[in-house]
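K.L.:
Quick one: this structure, given as structure tokens, is what I'll be asking you about.
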Amino acid sequence: MSVARAIRRMIQGSVKPRIGEGIDLSLEIKNFGPITKGKLKIKPLTLFIGPNNSGKSYAAMLIHSLFGSGSSAGLDMHMPFAVRRRLSILRSLEFDRSWQKKVYGDLQSFLKSKSDTLKEGNSIEIPDSLVEKTTDIATDKIYGERLGKEIARSYSAPLKDLIRIGTRSFLLKIGFNSEMVSLRLKKNHLEVIEHPQVTFKIKIEPVDATENEWVIGTKENGKYWIIQVYKNLIEDDDYRSIIVTEILRICINGVVKKLNAPSYYLPAARSGILQSHKLAAAGIMRKIPLIGVEEIDIPKFSGVVAEFMASILELPERKGYFYSLAEELEKELIKGEIIFKTLDSYTYPEIRYKFSDTDIPLHRSSSTVSELAPLILYLKYIVEPGSVLIIEEPETHLHPKNQRILARFLVKLVRHGVNIIITTHSEYLLDQLSNFIMLGKIEPKDRVKKYEYDKDDYLTIDDIAAFVFDMDNKSGGSAIKEVEITEEDGISQEEFVKIQDVLYDEIIKIRKDLNVE
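Residue -18 is where the sequence shown starts when you use our numbering, and the numbers rise one by one after that.
Written out as structure tokens, the structure reads:
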């Protein structure tokens, strides 16, 4: 296993289950892709509704990119200091000349000026101006640079190509509670035009040295981050550099702490992508003996599709948190089991459908099985509480009866701390989710006895948000509008009622011409 992959797993493994805790994210979008304007408020279950090509996937991929830029930069508090120093975001800032020019020297000078105070055993506090300056630089790095790269990677397009046609730039506003970051596109780069307010302070606390003389301890106490340092080493320039790096780590964490959730994206046409991946990987495997002998052309895949393929290829051997729930899903929806076979280290792993006493390749299974296989594998091996799971059109190839079952499992995931975002065209899926909202007002014992659900099969209006992407023929773009959700009626079906009215009027007209009463 590579060092990078090992570190990534350490980061993801350090994310503690946050059952019942959603991600408090708000997002304002202007002139991005087909989206003219709109505001989103992400809840534990968030639904994107609307016609084709209205920007639902654009918004979903933007959110995925946002968490991608944060989770890959997150610096977990419980990691050993030596491991934290190897993370790319920290190392890139350590050697960033602009960072060194703007604030590194100031921090070094301040620590040097306070050496006597620390040697005497007295604590010091880093000035708010230095903390704010350092945090602003980290914000520019995370949101300006890393998010820009993540967006370009996800969409497989330069940022300038994502500007809505007829406009000159796009604007993004990202908010967590009272913390707001505003971004605009400038010369194909994201520019931070509003930095978040700094709400933490940093204190340096001197302690006596131990055997591990160079180790620095960091702990959180209310609004303070306390860095424990060895007072007998405070005059050493290299040691002060380590302290400065730890200050940087705290400031980076202050920026990305809300984004430090693993995000997983299940794109549309998942079953077809899996088959394409197998063919591409097989071709690469056949060319491995020729590496170093001749030039090798590697197939290219775009953005979230390539990421989805890689996640299937790198499935861990250990069972994940939701393995048993995935088995329930298999039992109810596909009447069998999705298995993952790797014959040896040089063979592409094969996904098969097992039922009764036999198993078949995934491409020979039904469309329902092949479409659900990626979701089942993600639940078996990858997704954990606290994760963000984005699914495009989960209802694809599912009979309405099975859509109701799937809705129930989505609710179970929400109840266990997974943050789910889906794009959908399914009235059946929305109806069933509405039922779960209304069931939230029913006594738990009645949900079990009268409706034959589990006690936790329910939603509250605080658990769910829905947004419609409404096309505007005049502008050629779409506006995002929040859909009304109530405890009494669930999710408003106005978007589908419009279509039903058109269909009904057409039926009446046809029947009239056919003289059918």
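Ideal Cβ placement from N, Cα and C applies to all residues, glycine included.
Please name the residue in Leu296, Lys37, Glu475 whose C-alpha comes closest to that of glutamate 374.
P.N.:
It is Lys37 whose Cα lies nearest to the Cα of glutamate 374.
K.L.:
Take every Cβ of the region 204 to 220, pair it with every Cβ of the region 181 to 189, and state whether three or more of those distances are shorter than 8 Å.
P.N.:
They touch, by the three-pair rule.
K.L.:
Counting Cβ pairs closer than 8 Å, one from the region 19 to 38 and one from the region 346 to 365, do we hit at least three?
P.N.:
With the cut-off at 8 Å, the region 19 to 38 and the region 346 to 365 do not touch.
K.L.:
Hey, would you say leucine 153 sits closer than 8 Å to leucine 140, going by beta carbons?
P.N.:
No. Outside cutoff.
K.L.:
Can you have a look at proline 177 and say buried or exposed, based on whether 16 or more other CB atoms are within 10 angstroms of its CB?
P.N.:
The residue in question, proline 177, is buried, as its Cβ has 16 or more Cβ neighbours within 10 Å.
K.L.:
Decide yes or no for the touch test of the region 239 to 256 against the region 101 to 114: beta carbon pairs closer than 8 Å, at least 3 of them.
P.N.:
The region 239 to 256 is not in contact with the region 101 to 114.
K.L.:
Is it right to say threonine 120 is buried, meaning 16 or more other beta carbons lie within 10 angstroms of its own, or is it exposed?
P.N.:
Looking at its Cβ environment, which holds 16 or more other Cβ atoms inside 10 Å, threonine 120 is buried.
K.L.:
Is it buried or exposed, tyrosine 304, if we count other Cβ atoms within 10 angstroms and call 16 or more buried?
P.N.:
Classification for tyrosine 304: exposed.
K.L.:
Where does alanine 460 fall in DSSP's three states?
P.N.:
Reduced to three states, the DSSP call for alanine 460 is strand.
K.L.:
Given a cut-off of 8 Å on the beta-carbon distance, is the pair lysine 300 and glycine 317 in contact?
P.N.:
No, the Cβ-Cβ distance between lysine 300 and glycine 317 is not below 8 Å.
K.L.:
Just checking my contact of tyrosine 124 with leucine 171 at CB under 8 Å: how many whole Å lie between their CB atoms?
P.N.:
Contact flag correct, Cβ pair sits at about 7 Å.
K.L.:
Per DSSP, arginine 165 forms a beta bridge with which residues?
P.N.:
Note: arginine 165 sits in a beta bridge opposite Leu152, Glu172.
K.L.:
Answer with buried or exposed for leucine 294, where buried requires no fewer than 16 other C-beta atoms within 10 angstroms of its C-beta.
P.N.:
Exposed, by the Cβ-count rule.
K.L.:
Pull up the distance between the alpha-carbon of proline 381 and that of asparagine 12, whole angstroms please.
P.N.:
Each residue's alpha carbon lies about 36 Å from the other.
K.L.:
How many Å lie between serine 346 and threonine 323 at the Cα?
P.N.:
The straight-line gap from Cα to Cα measures roughly 19 Å.
K.L.:
Distance, Cα to Cα, histidine 397 vs leucine 111?
P.N.:
For histidine 397 and leucine 111, the distance between alpha carbons rounds to 40 Å.
K.L.:
DSSP puts threonine 405 in a beta bridge; with which residues?
P.N.:
DSSP, once it has assigned bridges, lists Ile30 as partnering threonine 405.
K.L.:
In three-state terms, what does DSSP make of aspartate 494?
P.N.:
Residue state, collapsed to three classes: helix.
K.L.:
Which same chain residues end up closer than 8 Å to threonine 405 when comparing Cβ atoms and leaving out the 5 residues on each side of it in sequence?
P.N.:
So the qualifying residues of the chain are Leu28, Phe29, Ile30, Glu374, Pro375, Glu376, Leu411.
K.L.:
Tell me the start and end of each unbroken alpha helix (DSSP H) in the region 413 to 440 that is at least 4 residues and wholly inside, in chain order.
P.N.:
Correct list: 425 to 430.
K.L.:
Please classify proline 297 as buried or exposed, where buried requires at least 16 neighbouring CB atoms within 10 angstroms.
P.N.:
Exposed, since its Cβ has fewer than 16 Cβ neighbours within 10 Å.
K.L.:
Count the C-beta pairs between the region 305 to 315 and the region 354 to 373 that are closer than 8 Å, then say yes if the count reaches three, no if not.
P.N.:
Touching, per the Cβ criterion.
K.L.:
Please report the straight-line C-alpha distance between leucine 370 and lysine 490, rounded to a whole angstrom.
P.N.:
Taking the straight line joining both Cα atoms gives about 44 Å.
K.L.:
Tell me where the beta strand (DSSP E) around tyrosine 205 begins and ends.
P.N.:
Where tyrosine 205 is concerned, the enclosing beta strand (DSSP E) stretches over 205 to 211.
K.L.:
Return the CA-CA distance between serine 456 and lysine 18, expressed in angstroms with no decimal places.
P.N.:
One C-alpha to the other measures close to 11 Å.
K.L.:
Please name the residue, chosen from Glu463, Arg333, Pro248, Leu88, that lies closest to glutamate 288 on a Cα-to-Cα basis.
P.N.:
Of the candidates Glu463, Arg333, Pro248, Leu88, the one whose C-alpha sits nearest the C-alpha of glutamate 288 is Pro248.
K.L.:
For serine 7, which three-state DSSP category applies?
P.N.:
Serine 7 falls in the strand class under three-state DSSP.
K.L.:
If you check the beta carbons only, do serine 473 and valine 464 fall under 8 Å apart?
P.N.:
Cβ atoms of serine 473 and valine 464: closer than 8 Å.
K.L.:
Suppose the cutoff is 6 Å on Cβ atoms and the five residues either side in sequence are ignored; what does the same chain contact list for arginine 385 look like?
P.N.:
Closer than 6 Å at the Cβ level, and outside the excluded window around arginine 385, lie Gln413.
K.L.:
Would you check if the distance between the CB atom of valine 399 and the CB atom of serine 368 is smaller than 8 Å?
P.N.:
Closer than 8 Å, so yes.
K.L.:
Secondary structure at serine 244, three-state DSSP: helix, strand or coil?
P.N.:
In the structure shown, serine 244 sits in a strand (DSSP, three-state: E or B).
K.L.:
Among the candidates Leu379, Lys93, Leu92, Tyr302, whose CA atom is the shortest distance from the CA of proline 366?
P.N.:
It is Tyr302.
K.L.:
Considering only their Cβ atoms, is the gap separating leucine 420 from aspartate 437 smaller than 8 Å?
P.N.:
In this structure, leucine 420 does not lie closer than 8 Å to aspartate 437 by Cβ.
K.L.:
Ignoring anything shorter than 3 residues, give me the beta strand (DSSP E) runs that lie fully in the region 301 to 349, in order along the chain.
P.N.:
Taking only runs of at least 3 residues, the beta strand (DSSP E) segments lying wholly in the region 301 to 349 are 318 to 322, 331 to 336, 339 to 342.
K.L.:
Would you give the residue range spanned by the beta strand (DSSP E) that asparagine 202 belongs to?
P.N.:
Counting along the chain, the beta strand (DSSP E) containing asparagine 202 begins and ends at 198 to 202.
K.L.:
Compare the beta carbon distance of serine 35 and proline 15 with 8 Å and say whether it is the shorter of the two.
P.N.:
Result yes, Cβ atoms of serine 35 and proline 15 sit closer than 8 Å.
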